[in-house]
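Q: The following block contains the structure, expressed as structure tokens.
There are 2 protein chains.
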Amino acid sequence: MALNKNSPRVLVVDDEPGLADLIASALKFAGFQPEVATNGTGAIKKYLADKFDIIILDVMLPDMNGFDLAKKISTSAPRTPILFLTAKDSTEDKIRGLTVGGDDYVTKPFSLEELVARVNAILRRAGNDAGGSGRVEFHGLEMDEETREVRRDGKLIDLTTTEFRLLHYLLSNAKKVVTRAQIMDYVWNYDFGGDSGILETYISYLRKKVDFKEPKLIHTVRGFGYVIKNKENP
Amino acid sequence: MALNKNSPRVLVVDDEPGLADLIASALKFAGFQPEVATNGTGAIKKYLADKFDIIILDVMLPDMNGFDLAKKISTSAPRTPILFLTAKDSTEDKIRGLTVGGDDYVTKPFSLEELVARVNAILRRAGNDAGGSGRVEFHGLEMDEETREVRRDGKLIDLTTTEFRLLHYLLSNAKKVVTRAQIMDYVWNYDFGGDSGILETYISYLRKKVDFKEPKLIHTVRGFGYVIKNKENP
DNA sequence: ATTAAGCTGTAAATTTCCTTAAAATTTGCA
DNA sequence: TGCAAATTTTAAGGAAATTTACAGCTTAAT
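Written as structure tokens, this is what we have:
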């Protein structure tokens, strides 16, 4: 997770400071160098001052339409790809027309897992990839993002989308304890209100599907969260 | 996807940076080495500096008529084939006259699938083929880009254009899960806005036509996209 | 032993997908 | 040009998978 000079720079533009910060911290955690702007003018200033590899842009800004901002930016020569954030209801079709080039869009509310995945996808397409091979592995438990295949000791296992996301998050943080709050923020939509033990339910699903034999890899840290590790062979 | 030295070089000339980038990324994905120019003078500069195997040229340029640019280029000794991009309405006949030798043209808006297919066809004709045989095959399901023939276990199958494009995209990404968004962007015209389940409809058509027997090759990845693979013999 | 936290099965709610039919559009041909 | 056929797109009902809520039970900590 070392933030070296070569980690891609991301400009996050959202008028909701809390959300912008949430996104920024998730990006930093994923190995990017985020910068935050909370309005259009600030965004332009930062954009002109620095080079960014990608811009995450809310289409709803207080002082400026996100579309216009995008247009301003898209005229510069080495075009910076944009990931639009948009409300679910409207504008979806409008966005579709705009996402020409390396662009993409995510509808609010989204999960940070998804957002980071999209950013990675865009950068991969643009060629200035951060690195990751798209595979995660830990003691015989492997996941491949490309094929979406999951294996335990070679045996193929079928997971639903949420199961896949959860396991992927745990696995890419292997040996590190992650809190339930972190998991909820990352795997579920950031504004997900209810928590009627849905995380426990999915942990239960995962244990049944991928962690049914020794050595157990998914461990509960009571009062805190979960961790993937191998107790017998640390 | 390894971009080796021998992958054909393509010069993409379009004044809309977003579209030029879109084309470039699609070409890169297909194994070419694209270079982008957004106006006539820039194109000429790049053309003189480097050798290209093919030029993709929008006939509508800000500083120069695409036709004139084509004429300038066509005087050089080993003529570089040109794929013209043109608006649907007019100029069709004009283009016809210009498409000598290995040339061809595509009307806007086009699908990336189609564009890449045309580029491949031209290069094949010109003899400096990428190496791709123009055939894709996976567990008894074969497609030939040149003849547009599709076979399942040897038996010839008739597909419409869209069906062919969709299947070809899935097949050339065999074993990799592709998202619906990726499919929509690549197979349908790049400015296609709506998505009222048209993808599902075509998947349904394909299943009926080419995937009616075991082992099933087209699989749904719920909440994500589709993938072509053989579950029984992975 | 008490209490809080976590696990798991069941069922309801929701989402996603498939299929079919019909409308709209394009293409081919006379 | 204009009609007929083929293709593409939209729309709707229903089926199936997934997600969510919740209740009863188990486990761990003190």
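If you read the sequences in order, they're chains A and B.
If you read the first sequence in the numbering used here, its first letter stands for residue 1, the second for the next number, and so on.
If you read the second sequence in the numbering used here, its first letter stands for residue 235, the second for the next number, and so on.
The beta carbon of each residue, even a glycine, is placed where N, CA and C say it ideally should be.
A quick note: this is a predicted structure, and the numbers were derived from the prediction, not measured.
Please specify which runs of the beta strand (DSSP E), each continuous and at least 3 residues long, are wholly inside the segment 111-156 of chain A, giving them in chain order.
A: Listed in chain order, they are 135-138, 141-144 and 149-152.
Q: Leaving aside the five residues before and after B/Y403 along the sequence, list all residues of the same chain whose C-beta is less than 6 Å from its C-beta, in chain order.
A: Counting from one through the second sequence, the residue named residue 403 of chain B turns up at place 169. E347, Y420 and V421.
Q: Have a look at A/D144, A/V12, A/E149 and A/I203 and flag the residue whose alpha-carbon is nearest the alpha-carbon of A/L166.
A: The count along the first sequence starts at 1 and reaches residue 166 of chain A at position 166. When each option's Cα is compared against that of A/L166, the closest is A/I203.
Q: Check the Cβ of B/R456 against every Cβ in chain A and list those closer than 8 Å, keeping chain order.
A: Counted from its first residue, the second sequence places residue 456 of chain B at position 222. The answer, in chain order, is T160 and T161.
Q: Taking C-beta to C-beta, are B/K342 and B/T314 nearer than 8 Å?
A: For the purposes of this step, residue 342 of chain B is identified with residue 108 of the second sequence, where counting begins at 1. For the purposes of this step, residue 314 of chain B is identified with residue 80 of the second sequence, where counting begins at 1. Not closer than 8 Å, so no.
Q: How about A/G42: is its C-beta nearer than 8 Å to some C-beta of chain B?
A: Along the first sequence, read from residue 1 onward, the residue named residue 42 of chain A stands at position 42. Closer than 8 Å: no.
Q: Between A/S111 and chain B, is there a C-beta pair that is closer than 8 Å?
A: Against the first sequence, residue 111 of chain A aligns to sequence position 111. So no, A/S111 is outside the interface.
Q: In the DSSP assignment, find the unbroken beta strand (DSSP E) run with B/R399 in it and report its ends.
A: Stepping through the second sequence from its first residue, residue 399 of chain B is reached at position 165. Where B/R399 is concerned, there is no enclosing beta strand (DSSP E), although the alpha helix (DSSP H) it sits in stretches over T395 to S406.
Q: Closer than 9 Å by beta-carbon distance: list the chain B residues that pair up with A/T147, in chain order.
A: Position 147 of the first sequence, counted from the first residue, corresponds to residue 147 of chain A. Neighbours of A/T147 on chain B, chain order: K409, K410, V411, V461 and K463.
Q: For B/D292, which three-state DSSP category applies?
A: Against the second sequence, residue 292 of chain B aligns to sequence position 58. Strand.
Q: Under 8 Å, with one C-beta from each stretch per pair, do the segment 241-251 of chain B and the segment 293-302 of chain B reach the 3-pair mark?
A: Touching, yes.
Q: How is the beta strand (DSSP E) around B/K342 delimited, first residue to last?
A: For the purposes of this step, residue 342 of chain B is identified with residue 108 of the second sequence, where counting begins at 1. Per DSSP, B/K342 belongs to the beta strand (DSSP E) from D338 to K342.
Q: Taking 7 Å as the cut-off, is the beta-carbon of B/K285 closer than that to any non-hydrogen atom of the ligand MG?
A: Among the components of this structure there are no ligands whatsoever, and the ligand MG is therefore not found.
Q: Tell me which same chain residues have a C-beta within less than 6 Å of the C-beta of B/R369, skipping the five on either side of it?
A: If you number the second sequence from 1, residue 369 of chain B lands on position 135. So the qualifying residues of the chain are D378.
Q: Does any CB atom of chain A fall closer than 8 Å to the CB of B/G252?
A: Along the second sequence, read from residue 1 onward, the residue named residue 252 of chain B stands at position 18. Interface residue, yes.
Q: With the cut-off set at 8 Å, would you say A/I122 and A/G102 are in Cβ contact?
A: Within the first sequence, residue 122 of chain A is the residue found at index 122, counting from 1. Within the first sequence, residue 102 of chain A is the residue found at index 102, counting from 1. Yes.
Q: What residues of chain B sit near A/S74, judged by a beta carbon separation below 8 Å?
A: As a working note, residue 74 of chain A is residue 74 in the first sequence. Near A/S74 (Cβ distances below 8 Å), the residues of chain B are P251 and G252.
Q: Using only CA atoms, which one of A/G42, A/K51 and A/D191 lies nearest to A/N6?
A: As a working mapping, residue 6 of chain A is identified with position 6 in the first sequence. Checked all of A/G42, A/K51 and A/D191; the closest Cα to A/N6 is A/K51.
Q: Beta-carbon separation of A/V150 and A/V227 under 8 Å?
A: For this step, residue 150 of chain A is matched to residue 150 along the first sequence. For this step, residue 227 of chain A is matched to residue 227 along the first sequence. No, the pair does not count as a contact, with Cβ atoms beyond the cut-off.
Q: Would you list, in sequence order, the uninterrupted beta strand (DSSP E) runs of no fewer than 3 residues that lie entirely inside the segment 427-456 of chain B?
A: Correct list: 452-455.
Q: Am I right that A/P17 and A/T38 are in contact with their C-beta atoms under 8 Å? What's the rounded C-beta distance?
A: Position 17 of the first sequence holds residue 17 of chain A. Position 38 of the first sequence holds residue 38 of chain A. About 6 Å; that satisfies the 8 Å criterion.
Q: Quick check on DSSP: helix, strand or coil for B/E272?
A: Numbered from 1 along the second sequence, position 38 holds the residue referred to as residue 272 of chain B. The sequence given here places Thr at residue 272 of chain B; Glu does not occur at that position. B/T272 falls in the coil class under three-state DSSP.
Q: Exposed or buried, A/R125, counting other C-beta atoms within 10 Å across all chains shown (16 or more means buried)?
A: Position 125 of the first sequence, counted from the start, is the residue given in the question as residue 125 of chain A. Flag for A/R125 reads buried.
Q: So, is the C-beta of B/A236 closer than 8 Å to a C-beta in chain A?
A: Within the second sequence, the letter at position 2 stands for residue 236 of chain B. For B/A236, the predicted structure reports a pLDDT of 47, less than 50, and the residue's modelled location is therefore unreliable. The matter cannot be settled from this model.
Q: Less than 8 Å between CB atoms is the rule here; does B/K450 satisfy it with respect to chain A?
A: Your numbering for residue 450 of chain B matches position 216 in the second sequence. No, because no Cβ of chain A sits closer than 8 Å to the Cβ of B/K450.
Q: Can you say whether A/N173 is buried or exposed, counting buried as having 16 or more other CB atoms within 10 angstroms of its CB?
A: The residue labelled residue 173 of chain A in the question sits at position 173 within the first sequence. That one is buried.
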